Amino acid sequence: MANDLALNAQASRRAGGFGPGALLRDPWFVLLLALVALGAGWALTDTTPAAVRFLWQWSPALLRGLGMNVQISVLAMALGTALGLVIGALSLSPSVLLRRLTRVYVLAFRNAPILVLVYFTTYVFPFELNLGRWNLPFPDWIKVVIGLGLPASANVAEIFRGAIQSIPEAQWEAAQSLAFRRTQVLRMIVLPQCVRRMLPSWMNLYASITMSTSLASLVGVHDLVDTATVASNTVARSDFTVLVYFTLLALFFAYCYPISRWTRYLERRYAHH
């Protein structure tokens, strides 16, 4: 009976959490509706401020710049996740040497300033790769991907190591008593649980990496921040400058806020698992 009541309460919360009523209680959704209404009123009365008209003209370029930031963040997290899983697995190796090497790697890249890593990868790596008779360009945005992927890999390694160590030892022992090999236990029993435990932290890390992509403009990548700077210098109006940088903040917020909300939802969902 108590279990049924708990399940019904959870179902009610989920239904209320994603329904129209919940959206109307969300202050950010209400703000979005207010901005849409304001824009519609300006359009109908032909009283749109000049700064807003310039912003509308620059909006395709700003969205293309945001696309570059999203591309960098996705690739950096893909690189960081692949490296981090390998390093996290090696940190649990029986070899003392491997454990120490992975610990040095994690400490080095978790505590290094991201801006320093971005500058490091930008100016240490060549501008072209010479492969025999072919010269392949090595664009700056790929260097930024590497610069962001390195600290991401160190954080993913720690997330993975913590998830593995959070699995009760009894599960390993029970599986080994059933003649499972260690790789089978890891693949079929431990990893499925680790994915669920890692996901909220992984998503928080992705949001952080996405916000760090704003540093790409400092090394010549034509991203959202660089586009906003070009737009501000081109239009040369103080009201437009304020508006375009406010829009820059709003675009990053609009991309990262749903990730944050989903992360909190997953944390609540898996809290008692």
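In the working numbering, the protein residues as written are 1052 to 1324. The C-beta atom is built at its ideal place from N, Cα and C for all residues, glycine as well. Fair warning: this is a prediction, and the values are worked out from it, not measured in the lab.
Which same chain residues end up closer than 8 angstroms to residue i when comparing Cβ atoms and leaving out the 5 residues on each side of it in sequence?
| i | result |
| --- | --- |
| residue 1312 | none |
| residue 1210 | 1135, 1139, 1249, 1252, 1253, 1256 |
| residue 1296 | 1279, 1283 |
| residue 1165 | 1198, 1199, 1202, 1263, 1266 |
Which first and last residues belong to the beta strand (DSSP E) in which residue i is found?
| i | result |
| --- | --- |
| residue 1266 | No beta strand (DSSP E) holds residue 1266; DSSP gives it neither H nor E. |
Where does residue i land, buried or exposed, given buried means 16+ other C-beta within 10 angstroms?
| i | result |
| --- | --- |
| residue 1185 | exposed |
| residue 1174 | exposed |
| residue 1104 | exposed |
| residue 1228 | exposed |
| residue 1066 | Residue placement at residue 1066 is poorly supported in this model, since its pLDDT is 41, which falls under 50; the coordinates are not used for a value here. |
| residue 1056 | A caution first: residue 1056 carries a pLDDT of 39, below 50, which makes its placement in the model too unreliable to give a value. |
| residue 1189 | exposed |
| residue 1132 | buried |
| residue 1098 | exposed |
| residue 1116 | buried |
Between the Cα of residue i and those of the options, spot the shortest distance and give me the residue it belongs to.
| i | options | result |
| --- | --- | --- |
| residue 1114 | 1194, 1086, 1320, 1306 | 1306 |
| residue 1219 | 1230, 1237, 1204 | 1237 |
| residue 1197 | 1226, 1139, 1167 | 1167 |
| residue 1270 | 1171, 1156, 1102, 1290 | 1171 |
| residue 1240 | 1267, 1221, 1283 | 1221 |
| residue 1290 | 1212, 1091, 1164, 1100 | 1100 |
| residue 1208 | 1191, 1155, 1081, 1118 | 1155 |
| residue 1325 | 1102, 1285, 1299 | Since the first residue of the chain shown is 1052 and the last is 1324, residue 1325 is not available in this structure. |
| residue 1162 | 1178, 1247, 1117, 1202 | 1202 |
| residue 1141 | 1205, 1244, 1088 | 1205 |
| residue 1129 | 1158, 1292, 1109, 1260 | 1260 |
For the alpha helix (DSSP H) containing residue i, name the first residue and the last one.
| i | result |
| --- | --- |
| residue 1111 | 1101-1141 |
| residue 1290 | 1289-1320 |
| residue 1173 | 1165-1175 |
| residue 1153 | 1147-1161 |
Given residue i, which residues of its chain have a CB within under 6 angstroms of its CB, disregarding the five upstream and five downstream residues?
| i | result |
| --- | --- |
| residue 1194 | 1172, 1173, 1176 |
In its own chain, which residues sit with a C-beta less than 7 angstroms from the C-beta of residue i, not counting the 5 before and 5 after it?
| i | result |
| --- | --- |
| residue 1060 | Its pLDDT being 44, under 50, residue 1060 is placed unreliably by the model, and the measurement read from it follows with that caveat. If we look at residue 1060 and ignore the five residues flanking it on each side, it has no Cβ neighbours. |
| residue 1262 | 1303, 1307 |
Can you list, in chain order, the stretches of the alpha helix (DSSP H) that have 4 or more residues and sit fully within the stretch 1223-1283?
1233-1236, 1242-1263
Give the list of continuous alpha helix (DSSP H) stretches no shorter than 4 residues that lie fully inside the stretch 1178-1227.
1191-1216
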